[in-house]
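This report concerns only the one structure given below.
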Amino acid sequence: MPENKTIANIIAPMKIQFLRNYAIIGDNLSRCFGLTRYPQHTEHGWLRKLTNIHGTVATIHYSPLEKGEAIKIMSANIKNHRSVYGQGRQNPASEIQSDQTVENAEEALKRIIKREEKVGSMSMVIMPLVESDAEFKKISENVKTQAKQISAMARNMSPLQKEGTQFVWPTYVTNTDKNIVHRQTARLMPLEAFFGGFPFAASGLNDKAGYYLGNDSLGGPVTVDFWKRGESRTNSNRLFCGESGQGKSADMKNCILMEYMLGNKIFILDPQGEYKELALNLDGEWINASGANGKVLNPLEVLRLPKDENEGDEDQLTDLQEHMKVLEVFLKLYLEDITFVQLSLLKEAIEEVYRSFGITWDSDLSKLKSTDYPVFKDIYDYLLNKAEASRKNGDEKRFDDYRDLSLILRDISIGSDSFLWGRHSTLKINADVVSIDTSGLNSSPDNVKSAQYFLLQKYIWQRATRSNKERCNIIYDEAHMIINKRVPQAMVTLSEDMRLARKFEASIWVASHQVNDFIDPEIKLHGAVILDIPTYKFLHGMDGNGLRDVSMLFNLKSSEREVLEKKVRGRALFFCGNERYDLRIKIDDYKFKYFGEAGGR
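Just so you know, the sequence shown maps onto residues 136 to 736 in the working numbering.
See the structure below:
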């Protein structure tokens with residue numbers, strides 16, 4: 136009869152081998168770490184970082200002590216620390232630390248004596264248990280790292296792997312007097328700090344302001360104030376990414392609705408037409424920015440961008456100088472094949488036309504109306520006149536230059552693209568919630584779409600940062616449209632705006648399902664910055680190359696990769712500064728009637 140390995144594995148005893156630094160339990164590797172030092176000051180839920188480490192088993196034993204015994208042990212500890220400190224054998228840093236330890240112990244002793252505070256003996260062992268040798272090493276290092284983050288210390292119980300394993304097993308019978316693990320790891324711990332350390336005592340996130348997003352993996356509510364500053368939360372920018380159908384749009388619309396309820400302004404650049412109904416349902420404004428009968432922006436109208444208050448007046452560019460930089464990026468995006476010489480000649484022509492309209496580097500532009508600026512037909516006519524003058528003067532080289540440049544500029548001036556950029560500006564924002572829709576350009580060439588996206592991006596930024604007295608959310612959906620390997624300045628401009636946003640009480644949201652485009656080797660230097668700057672990140676379900684790239688960029692743990700790989704709709708890996716949460720997003724039913732039918736249902 137052939138051997139049935141399945142039955143044999145069930146009925147046969149598990150192989151266990153204890154070595155000095157680790158143990159082999161069946162097909163798994165294990166290693167016991169004992170906690171030999173705990174933080175001097177604890178916050179609610181401080182044990183969470185230790186009990187939720189992926190691939191580990193954690194066991195805690197706590198034995199209450201009588202008041203007299205606790206006083207005796209603590210008095211002996213204080214005496215021992217004073218003795219070591221008094222002998223002067225420590226370096227200055229150690230002396231300060233020892234002095235602080237004595238001071239904390241004395242405070243704890245006063246609480247025991249005066250307030251009858253309950254104290255006990257606490258022992259904790261953490262045991263990684265995994266099959267893979269590489270994963271075993273990684274998790275073992277993570278145990279020590281997580282302990283260090285809360286000012287604790289986890290030490291490998293090198294000669295005591297058997298005793299440590301017995302301590303972890305549920306069949307273990309406590310005998311604190313004889314057990315060597317207790318003798319080596321037991322430390323005094325106030326009962327209040329012990330109970331407050333459990334994960335359920337402080338699961339989730341509560342900023343005591345802001346709004347509710349959902350629950351974490353332990354069921355704790357996650358309530359976030361996205362405008363809060365401090366520690367690792369340095370800005371209010373957000374990143375939303377994930378594959379289509381994973382709940383990214385619903386998540387964004389929920390956040391937009393809540394920001395509206397808080398009275399904050401919302402400006403959306405919407406290339407897919409997904410936010411029209413939401414904006415109108417919130418008594419906002421929908422703007423068709425696809426040209427034709429819609430609203431248009433004249434690229435030659437100077438956008439008066441906000442100034443950095445940290446720079447002196449002499450260090451700042453004038454409005455026209457600043458706008459010429461924006462205009463150069465726009466022209467590079469639109470005129471893909473323009474040469475350096477042609478671009479220089481075109482900029483010279485634009486400066487001359489500006490001067491003919493009375494607009495110079497030092498002009499006060501605050502009083503000008505949209506109709507006071509030139510349009511591209513004025514530039515086109517100027518180039519034709521310069522070409523004709525060059526021909527009459529017998530300058531064939533210059534004639535060819537101006538003629539070629541006029542041909543390059545014909546489409547935007549009087550040709551097929553003049554409907555979009557060949558007129559004076561008619562696009563104005565007049566509401567607190569605005570969706571600027573460019574979905575009508577979806578069938579247009581990529582150069583047209585990316586140039587219009589960039590121009591609208593700068594217009595929204597200029598409008599949202601007029602004042603730092605009002606909070607504005609600037610939402611760039613399908614932000615991968617700004618990516619252009621030939622013109623990285625478009626991405627640099629966006630990243631600079633994201634860095635400045637906090638100074639103007641602005642929050643920039645970047646949303647894309649094509650995250651890998653941002654970290655393409657050719658543009659990673661600029662693209663990865665856009666993904667990294669936001670303090671708040673919502674990573675929705677993804678797999679394949681997208682998951683690989685995101686894992687490398689954000690250094691995801693295996694448990695965090697699993698959250699994304701499972702691709703559960705409405706579930707996201709949420710970054711809040713340095714903290715990360717397995718977030719189950721909760722959206723009340725009444726909100727969906729505001730969302731509309733296009734995405735986020």
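From the three backbone atoms N, C-alpha and C, an ideal C-beta is built for every residue, glycine too.
Candidates the options: which alpha carbon is nearest residue i's?
i    : options                : result
G731 : D386, N416, Y157       : N416
S275 : G169, L340, M324, T369 : G169
E83  : T628, N423, S256       : The structure shown does not extend to residue 83, since the chain is modelled only from 136 through 736, so no value can be given for it.
Y588 : P263, Q407, V265       : Q407
D497 : Q451, I285, G365       : Q451
V260 : A193, K202, M209       : A193
L542 : D516, R558, N565       : D516
F534 : Q175, D546, N520       : N520
S367 : D667, F153, R706, G331 : D667
E695 : I654, I188, T474       : I188
N291 : I285, Y410, V583, K272 : K272
E420 : N565, K207, T369, K659 : N565
Y489 : E640, L629, L435, F361 : L435
F302 : R704, E523, S371, R166 : R166
R683 : I654, H559, S293       : I654
I785 : K383, P509, K184       : Here the chain comprises residues numbered 136 to 736, so residue 785 is not present and cannot be evaluated.
L635 : H179, N399, N603, H559 : N603
C760 : K363, V703, S379       : What the structure shows of the chain is the stretch from 136 to 736, and residue 760 is not part of that stretch, so it cannot be assessed.
G662 : H458, V622, L691, D678 : V622
Under 6 Å Cβ to Cβ from residue i, same chain only, skipping five residues before and after it: list those, please.
i    : result
S258 : H196, H317, T320, A321
W373 : Residue identity check: residue 373 is Arg in the sequence provided, not Trp. For R373, where only same-chain residues beyond five positions count, the Cβ hits under 6 Å are W644, P669, Y671.
N423 : G429, D572
S425 : T573, G575, L576
R439 : D454
D552 : D546
S371 : F361, W362, S642
Y307 : Q301
Residue i and residue j look like a contact to me (Cβ under 8 Å); what is the Cβ gap, rounded to whole Å?
i    : j    : result
S570 : D405 : 5 Å
Q296 : A158 : 5 Å
I403 : I610 : 4 Å
F689 : F375 : Rounded, the Cβ-Cβ distance is 14 Å, inconsistent with contact.
N156 : V265 : The pair is not a contact, with the Cβ atoms about 15 Å apart (cut-off 8 Å).
I494 : L455 : 7 Å
D652 : I618 : 5 Å
Q624 : V464 : 5 Å
A586 : Y729 : Actually they are not in contact, since the Cβ atoms of A586 and Y729 sit about 32 Å apart, beyond 8 Å.
Quick check on residue i: does DSSP put it in helix, strand or coil?
i    : result
G365 : strand
F333 : coil
M292 : coil
Q592 : helix
V260 : strand
H648 : coil
R601 : coil
R172 : strand
V254 : strand
L417 : coil
D536 : helix
T358 : strand
K737 : Here the chain has residues from 136 to 736 only, and residue 737 is not among them.
L544 : coil
Q451 : coil
Kindly indicate the opening and closing residues of the beta strand (DSSP E) around residue i.
i    : result
Y611 : 607-611
I160 : 158-160
Y346 : 346-350
A707 : 706-711
E324 : Glu is not the amino acid found at residue 324; the sequence shown has Met there. It spans 322-325 - the beta strand (DSSP E) in which M324 sits, taken as one unbroken run.
C376 : 373-376
L718 : 714-720
A193 : 191-199
K383 : Run containing K383: none in the beta strand (DSSP E); it sits in the alpha helix (DSSP H), 383-396.
I403 : 400-405
Quick one: what's got a C-beta closer than 7 Å to residue i's C-beta in the same chain, skipping five residues either side?
i    : result
L540 : Q477, L480, L481, L518
K512 : S548, I549, G557
A287 : L170, R172, Y173, P174
L99  : The requested residue 99 is not part of the displayed model; the chain covers only 136 to 736.
What are the start and end residues of the alpha helix (DSSP H) that includes residue i?
i    : result
V461 : 454-469
F639 : Premise fails: F639 is in no alpha helix (DSSP H) and is neither H nor E.
T573 : Where T573 is concerned, there is no enclosing alpha helix (DSSP H), given that its DSSP letter is neither H nor E.
I494 : Careful: I494 lies outside any alpha helix (DSSP H) and carries neither H nor E.
N520 : 511-527
By Cβ distance below 8 Å, which residues in the same chain neighbour residue i in space, the five residues on each side in sequence not counted?
i    : result
K701 : G676
T191 : I261, M262, P263, L264, I274, V278
M324 : Y173, Y197, V254, G255, S256, M257
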